[in-house]
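Residue numbers (full-length UniProt numbering): 1 to 846. Glycine is no exception: its CB is placed at the ideal position from the N, C-alpha and C atoms.
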């Protein structure tokens with residue numbers, strides 16, 4: 001009878017015995033272990049270790065199967081020569097006592113069949129045998145090596161192949177060595193020495209960076225170490241240093257030779273040597289090389305056959321944010337490069353190689369300069385500071401909702417500013433003169449800044465029980481160089497004693513640009529103390545009584561040292577305690593100059609406003625006027641509102657908008673707490689309510705010929721003085737300006753005289769450049785040309801008005817090229833224009 005049809009046979013098939021049954025994973029691991037052992041027996045080069053053998057340094061090779069499963073471990077006394085698709089391997093051996101160092105390398109393996117493909121070699125998932133459990137985790141249909149046990153397989157015809165070398169890790173098992181590392185490693189983000197064993201990935205950068213410190217610690221251990229502990233610590237340090245020298249010594253020596261060359265160079269694979277956490281590097285930010293402190297370097301581990309990946313250098317510096325100095329994180333990328341590259345060409349340059357932006361300073365001088373600028377930045381951040389600035393404004397970007405725009409004015413700027421970091425954060429977003437200029441643009445490609453790390457407060461120390469006990473009993477413990485770096489308010493906190501704090505501080509401060517009425521960012525190195533022109537008031541061509549009155553009234557509000565200080569609180573108890581000056585008269589008679597010279601005399605900032613800054617709509621005027629007057633009080637500035645007629649005109653019964661505008665301005669004058677100058681050409685249209693708000697009204701008469709001669713004389717003197725002798729005014733030019741009928745008939749006002757002189761100087765500079773002269777001489781020829789142009793332009797205006805606005809006038813009417821002195825029509829302008837018998841001005845007291 002056929003056995004297949006018998007009941008017994010049927011029962012044996014239908015009810016198999018599960019005693020001793022093993023899953024596919026268990027069988028494949030046993031198979032792989034056996035093949036590894038057999039491969040080693042066939043001539044593996046590594047020197048295996050007995051189970052009870054514990055060397056100082058043990059090399060470990062971990063075999064991983066499909067899915068990352070650990071299959072086997074090979075231990076060796078010598079480094080293991082790993083060959084891709086090779087046959088290295090040895091059976092697992094475990095010792096109870098651990099070596100000082102274990103060097104663990106993980107490799108991925110596969111089983112390779114020597115007899116060629118089987119009938120299941122077409123990546124087809126095998127079928128399960130009846131009754132055998134299915135284990136999808138370990139069955140790889142695309143790898144012939146991992147078969148379900150239900151298949152026939154010739155184990156003698158397979159061998160282990162290493163397909164990929166992964167990460168090599170050092171395991172430090174010596175507590176003596178771990179405590180020694182605690183004593184020398186102070187700040188190294190991403191590495192900690194907690195526990196009885198520590199893992200450090202190759203190329204062991206934290207150990208290489210501190211190998212010299214370890215060597216010093218070996219011979220100068222704390223006195224708390226007894227003889228046995230000190231001996232063991234020194235021995236284990238020697239084990240580590242010997243391993244590093246044997247493994248990486250040649251590679252490091254060659255790289256350091258590149259660093260010492262006349263043009264320091266580096267290779268990409270060894271670039272981490274010069275990027276030690278806690279050290280200073282320079283990177284370009286806002287078009288300026290800026291110092292940063294390295295927090296962490298993501299050293300791109302590269303598996304066999306992988307493309308190189310970029311370094312990610314996480315850094316921080318100290319910058320003003322949220323009313324205090326805080327650490328701000330940044331991230332820089334160094335892309336892979338082949339061969340050698342000059343270190344100065346890298347995006348991140350270590351401080352010991354950086355020689356300044358112009359490559360003309362030593363690294364020590366660069367650091368000293370940066371520390372000095374950092375100290376200046378700290379002082380400037382304490383409160384508003386009145387400074388002079390000449391240089392490029394820093395372009396900072398603000399990014400929000402996938403859009404970005406500059407957070408301040410940009411370009412080159414020369415003039416006076418108020419450095420006010422706190423004021424920028426409080427007031428810049430509401431600046432009326434910025435809203436119309438803000439242009440949105442696509443954001444630059446950037447990733448989020450890295451998370452802020454934790455700075456150590458205490459310095460590094462040995463972690464043994466004896467040293468810990470002594471540290472706990474010590475009255476003063478050694479602090480970290482980074483202690484006290486977090487969140488300091490310069491107005492009330494003391495800075496750390498460490499120069500590193502000022503070195504890492506951002507050299508960019510924020511503030512207000514007085515001439516533009518906008519906020520911006522300034523490089524500290526372009527800021528200078530203001531040089532006040534104390535003689536400006538002397539050069540004003542005004543009646544002596546007027547000058548004496550202004551000087552007397554403004555004297556009590558002068559700044560003693562030229563520093564910004566808000567108006568004193570005892571000066572303003574309630575409303576009506578400010579000082580309001582009204583300067584009225586014809587254009588060009590010195591009204592604006594009076595305010596400017598007064599600000600120089602008082603050594604206070606001048607905040608000059610126009611109707612364009614305030615608008616003419618009631619709601620906008622109220623908001624903008626309150627904004628600028630608030631800044632005027634904060635800066636202790638003299639506020640000048642030029643051509644204020646539009647806000648001071650008489651209210652009308654049916655003009656609600658006009659009435660609201662005047663009421664807003666009246667209330668602002670009532671409660672303003674500083675010094676305000678108003679200038680006007682039409683005082684006769686003023687609302688009567690303003691009379692009681694104005695403390696001093698100064699009336700400016702038209703200029704006489706004698707006044708104009710004084711203005712010419714003062715202008716010539718100041719020009720030669722300010723140019724340091726580079727501009728010379730000839731005698732003929734002076735005589736022509738003082739005595740010529742051509743000049744006198746034009747009856748120029750002060751502003752026109754200034755413009756004429758500036759034009760004449762520009763013509764003289766062009767002639768000097770053409771002749772190659774070092775000194776600029778303004779001759780009467782230059783001034784005569786300006787006079788002819790002015791006379792021709794006046795003819796043009798008369799003819800144009802006479803023709804009803806027709807501007808079709810011949811060029812000869814604009815420039816009097818024939819130099820005839822006919823100016824008959826000028827006599828029409830003489831009437832009531834010049835009264836030499838009247839006083840220069842009148843004074844009205846409130």
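| Asked | Found |
| --- | --- |
| Cβ of residue 62 within 8 Å of Cβ of residue 106? | yes |
| Could you tell me the distance, in whole angstroms, from the CA atom of residue 291 to the CA atom of residue 500? | 10 Å |
| Restricting to Cα atoms, I'd like to know which of 520, 487 and 358 is closest to residue 429. | 520 |
| Hey, out of 679, 284 and 327, whose CA is closest to residue 592's CA? | 679 |
| Would you list, in sequence order, the uninterrupted beta strand (DSSP E) runs of no fewer than 3 residues that lie entirely inside the region 691-753? | 696-700 and 727-729 |
| Roughly how many whole angstroms lie between the Cα atoms of residue 735 and residue 751? | 20 Å |
| Between the Cα of residue 422 and the Cα atoms of 497, 322 and 359, which residue gives the shortest distance? | 322 |
| Could you check what DSSP says for residue 607 in three-state terms: helix, strand or coil? | strand |
| Count the other C-beta atoms from every protein chain shown that fall within 10 angstroms of the C-beta of residue 749, then say buried if there are 16 or more, exposed otherwise. | buried |
| Of the residues 395, 338 and 310, which one's Cα is nearest the Cα of residue 332? | 310 |
| Would you give the residue range spanned by the beta strand (DSSP E) that residue 675 belongs to? | 675-680 |
| Roughly how many angstroms separate the alpha carbons of residue 319 and residue 250, rounded to a whole number? | 41 Å |
| Run through the region 356-433 for me and flag every whole alpha helix (DSSP H) of 4 or more residues, listed as ranges in chain order. | 363-380 and 421-427 |
| Can you give me the start and stop residues for the beta strand (DSSP E) that residue 267 sits inside? | 265-267 |
| Whose C-alpha, out of 513, 491, 655 and 176, is nearest the C-alpha of residue 391? | 513 |
| In this structure, does DSSP put residue 780 in helix, strand or coil? | helix |
| If you pair each beta-carbon of the region 407-417 with each one of the region 364-377, do three or more pairs fall below 8 Å? | no |
| Please report the distance separating the alpha-carbon of residue 328 from that of residue 452. | 8 Å |
| Anyone know if the C-beta pair for residue 361 and residue 528 falls short of 8 Å? | no |
| Rounding to the nearest angstrom, what Cα-Cα distance links residue 763 and residue 745 in this structure? | 23 Å |
| Which residues mark the beginning and the end of the alpha helix (DSSP H) in which residue 914 is found? | What the structure shows of the chain is the stretch from 1 to 846, and residue 914 is not part of that stretch, so it cannot be assessed. |
| Give the DSSP-derived three-state secondary structure of residue 530 in the structure shown. | coil |
| May I ask you to report which of helix, strand or coil DSSP gives residue 511? | strand |
| What residues match up with residue 104 in a beta bridge as DSSP calls it? | 60 and 169 |
| Please report the Cβ distance between residue 180 and residue 237, rounded to the nearest whole angstrom; I am assuming they are in contact, meaning their Cβ atoms lie under 8 Å. | 6 Å |
| Just the Cα atoms here: how many angstroms apart are residue 231 and residue 193? | 21 Å |
| Using only alpha-carbon positions, find the residue among 173, 166 and 104 that is nearest to residue 56. | 173 |
| Ignoring anything shorter than 4 residues or poking outside the region 182-255, list the alpha helix (DSSP H) runs there in chain order. | 205-209 and 211-219 |
| On the CB-based measure, 16 or more other CB atoms within 10 Å of its CB, does residue 199 come out buried or exposed? | exposed |
| Which residue marks the beginning of the beta strand (DSSP E) containing residue 316, and which one marks its end? | 311-321 |
| Any chance the region 659-679 sits against the region 628-636, with 3 or more Cβ pairs inside 8 Å? | yes |
| Compare the C-alpha of residue 686 against each of 761, 760 and 582 and name the closest. | 582 |
| Would residue 458 be called buried (16 or more neighbouring beta carbons within 10 Å of its own) or exposed? | exposed |
| For the candidate residues 351, 608, 648 and 611, whose alpha-carbon lies nearest to that of residue 503? | 351 |
| With a CB to CB cut of under 6 Å and the five nearest residues on each side skipped, what residues in its chain are close to residue 638? | 599, 604, 606 and 675 |
| My output table needs one value for residue 551: the three-state DSSP class, helix, strand or coil. | helix |
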